[in-house]
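A.B. asks: Residue numbers (this note's numbering): 1 to 192. The beta carbon of each residue, even a glycine, is placed where N, CA and C say it ideally should be. Being a predicted model, the structure only gives us computed values, none of them experimental.
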């Protein structure tokens with residue numbers, strides 16, 4: 001590869017990011033490309049646990065200033081990774097009591113210096129079904145109009161990130177049963 005890629009991949013809960021990311025990494029590794037997926041939220045949670053926070057759902061309810069400090073710590077860890085393709089699995093925003101807080105504010109983008117953005121979405125009905133069936137998290141109640149609004153907020157937030165950094169953004173639809181197709185679109189968008 002000519003240059004390493006630092007790819008920020010966002011998607012609201014229920015778009016199928018985990019499944020899609022596993023497929024992308026499988027394909028890249030099959031091509032002898034060293035790729036890693038790094039959960040921004042997990043990196044933030046590791047630091048938050050040192051301060052008594054137990055889970056992600058509790059973390060997202062912290063004051064914005066505390067969330068910002070956790071973001072900076074996670075961003076510094078990510079900026080030190082050197083795989084051929086570093087994929088940052090995150091959200092374009094966090095729903096907090098104060099409103100939608102950007103998951104990738106300028107201070108984070110300045111630290112990680114992404115080369116590409118990928119925005120993953122799915123049909124609202126599929127997202128709703130996936131969320132309802134996910135018993136691993138303590139999720140807020142959601143409606144289809146809420147999901148549509150979240151998809152709109154995600155598109156706006158990630159577009160702003162692309163403008164701030166000058167890095168391209170690719171919008172990818174991850175429809176049920178079409179993960180291979182979505183993975184191929186992502187890999188092509190990265191020029192790999």
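Mind checking residue 89: buried by the 16 CB within 10 Å criterion, or exposed?
C.D. replies: Taking the first residue of the chain shown as position 1, residue 89 is located at position 89. It counts as buried.
A.B. asks: For the candidate residues 6, 19, 5, whose alpha-carbon lies nearest to that of residue 120?
C.D. replies: Taking the chain shown and counting its residues from 1, the one referred to as residue 120 is at position 120. Measuring from the Cα of residue 120, the nearest candidate turns out to be 19.
A.B. asks: So, residue 12 versus residue 104, is the Cβ gap smaller than 8 Å?
C.D. replies: On the chain shown, residue 12 is found 12 positions in, with the first residue counted as 1. On the chain shown, residue 104 is found 104 positions in, with the first residue counted as 1. Not in contact: residue 12 and residue 104 (Cβ atoms no closer than 8 Å).
A.B. asks: For a test of the three-state rule: what should DSSP assign to residue 6, helix, strand or coil?
C.D. replies: As a first step, residue 6 must be located in the chain shown, where it is residue number 6. Note: residue 6 maps to strand in three-state DSSP.
A.B. asks: If the criterion is Cβ atoms closer than 8 Å, does the pair residue 10 and residue 91 meet it?
C.D. replies: As a first step, residue 10 must be located in the chain shown, where it is residue number 10. As a first step, residue 91 must be located in the chain shown, where it is residue number 91. For residue 10 and residue 91, yes; Cβs fall inside 8 Å.
A.B. asks: If we ignore side chains and look at the alpha-carbon of each, how far apart do residue 113 and residue 124 end up?
C.D. replies: Mapped onto the chain shown, residue 113 falls at position 113. Mapped onto the chain shown, residue 124 falls at position 124. Near 31 Å, if we compare the C-alpha coordinates of residue 124 and residue 113.
A.B. asks: Which of helix, strand or coil does DSSP assign to residue 102?
C.D. replies: As a first step, residue 102 must be located in the chain shown, where it is residue number 102. Residue state, collapsed to three classes: strand.
A.B. asks: Counting beta carbon pairs with one atom in the stretch 41-50 and one in the stretch 161-181, are three or more of them shorter than 8 Å?
C.D. replies: Verdict: no, contact absent.
A.B. asks: Taking only three categories from DSSP, how would you classify residue 89?
C.D. replies: Walking along the chain shown from the start, residue 89 turns up at place 89. Here residue 89 sits in strand by DSSP.
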